[in-house]
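S.K.: Submitted below is the structure of interest, expressed as structure tokens.
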Amino acid sequence: MLRDSQLWMKIGRVCALLAERLDISPERAFDIFQNSKTCDLLHDERSLLYLMSDRYIVEDVVNEIALQA
Numbered sequence: 026m027l028r029d030s031q032l033w034m035k036i037g038r039v040c041a042l043l044a045e046r047l048d049i050s051p052e053r054a055f056d057i058f059q060n061s062k063t064c065d066l067l068h069d070e071r072s073l074l075y076l077m078s079d080r081y082i083v084e085d086v087v088n089e090i091a092l093q094a
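Mapped onto the working numbering, the consecutive letters of the sequence shown carry residue numbers 26 to 94.
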């Protein structure tokens, strides 16, 4: 599993990309990400989601948002 500092850097990159993708503030993107099932999976080392690219994770969050709408 990633160390905490590596995980937080990954989350930061994911949130920056999510903000860009959705044209929202980084703070709003962080809030959306933190409340997503994708975030839960990222913190669960059994899911192996942390091995995926940042853009893959962003697409997961975007798909999750679309399913909720």
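Even for Gly, the Cβ is constructed at its ideal location relative to N, Cα and C.
Because the structure is a prediction, the values reported are computed rather than measured.
1) Beta carbon of F58, beta carbon of V86: below 7 Å?
2) Over what stretch of residues does the alpha helix (DSSP H) that includes A44 continue unbroken?
3) By DSSP, does N88 sit in helix, in strand, or in coil?
4) What three-state label does DSSP hand D69 in the structure shown?
5) Pick helix, strand or coil for A54, following the three-state DSSP scheme.
M.R.: Short version:
1) yes
2) 29-47
3) helix
4) coil
5) helix
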